[in-house]
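S.K.: Numbering (the working numbering), first residue to last: -6 to 95. Cβ atoms here follow ideal geometry from the backbone N, Cα and C, with glycine treated the same way. Supplied in structure tokens, the structure appears directly below.
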Amino acid sequence: MNMFSQGDLIRIHGFQNLFLIVSKNAYIAATNTFHVCPVLKNIQEGPLHIKITGKNGEEGTVICEQIKFIDPGVRRCSKKDYLTYSSIINISDAIQGIFEYD
């Protein structure tokens, strides 16, 4: 199996858009699974819709409220790009904000 990491932009077989891996690396290593958010084109930026550009030039908007669970042993996944650490922090903060207490 490919080694996947938090911040990887991946393609999942059967889908046209990319997905961003948002799970922590410790979780990925322990379970061989991960959580992703879709990365869509032509979506307006907002508090939970964060524009990104990967280090290899992939662009889009991460839809942070649409978290999905993926088992790469079942779904064919391939790494296409990856994000900077500062981008990962921004997206993790947005996702965490969904679940915080008022």
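1) Got a sec? Which residues, its chain only, sit under 8 Å from Val32 by beta carbon, not counting five neighbours each side?
2) Can you pull the DSSP bridge partners for Phe62?
3) In or out: Ala19 buried (at least 16 other Cβ within 10 Å) or exposed?
4) Can Asp74 and Gly47 be called in contact, C-beta distance under 8 Å?
5) Where Ile88 and Ile81 are concerned, what is the direct C-alpha to C-alpha distance, given to the nearest angstrom?
6) Compare the Cα-Cα distances from Asp107 to each of Ser(-2), Phe8, Val15, Met(-4) and report the closest residue.
7) Mind checking which residues open and close the alpha helix (DSSP H) that includes Gly90?
8) With burial defined as no fewer than 16 other Cβ atoms inside 10 Å of the residue's Cβ, what is the status of Ile91: buried or exposed?
9) Is it the case that the Cβ atoms of Val29 and Lys61 are separated by a distance below 8 Å?
M.R.: In terms of the structure at hand:
1) If you number the sequence shown from 1, residue 32 lands on position 39. So the qualifying residues of the chain are Leu2, Asn10, Leu11, Phe12, Leu13, Ile45, Glu51, Gly53, Thr54, Val55, Ile56.
2) Locating residue 62 in the sequence shown gives position 69, where the first residue counts as 1. Answer is His28, bridged to Phe62.
3) In the sequence shown, the residue the question calls residue 19 occupies position 26. Under a 10 Å Cβ-count criterion, Ala19 is classified as exposed, with fewer than 16 other Cβ atoms of the shown protein chains found around its own Cβ.
4) Position 81 of the sequence shown, counted from the start, is the residue given in the question as residue 74. Position 54 of the sequence shown, counted from the start, is the residue given in the question as residue 47. The Cβ atoms of Asp74 and Gly47 sit closer than 8 Å to each other.
5) Start at 1 with the first residue of the sequence shown, and residue 88 comes out as number 95. Start at 1 with the first residue of the sequence shown, and residue 81 comes out as number 88. Going from the Cα of Ile88 to the Cα of Ile81 covers about 11 Å.
6) The structure shown does not extend to residue 107, since the chain is modelled only from -6 to 95, so the question has no answer here.
7) Mapped onto the sequence shown, residue 90 falls at position 97. Where Gly90 is concerned, the enclosing alpha helix (DSSP H) stretches over 78 to 92.
8) Residue mapping note: residue 91 aligns to position 98 of the sequence shown, counting from 1. With fewer than 16 Cβ atoms within 10 Å of its Cβ, Ile91 is classed as exposed.
9) In the sequence shown, the residue the question calls residue 29 occupies position 36. In the sequence shown, the residue the question calls residue 61 occupies position 68. A contact, by the Cβ cut-off of 8 Å.
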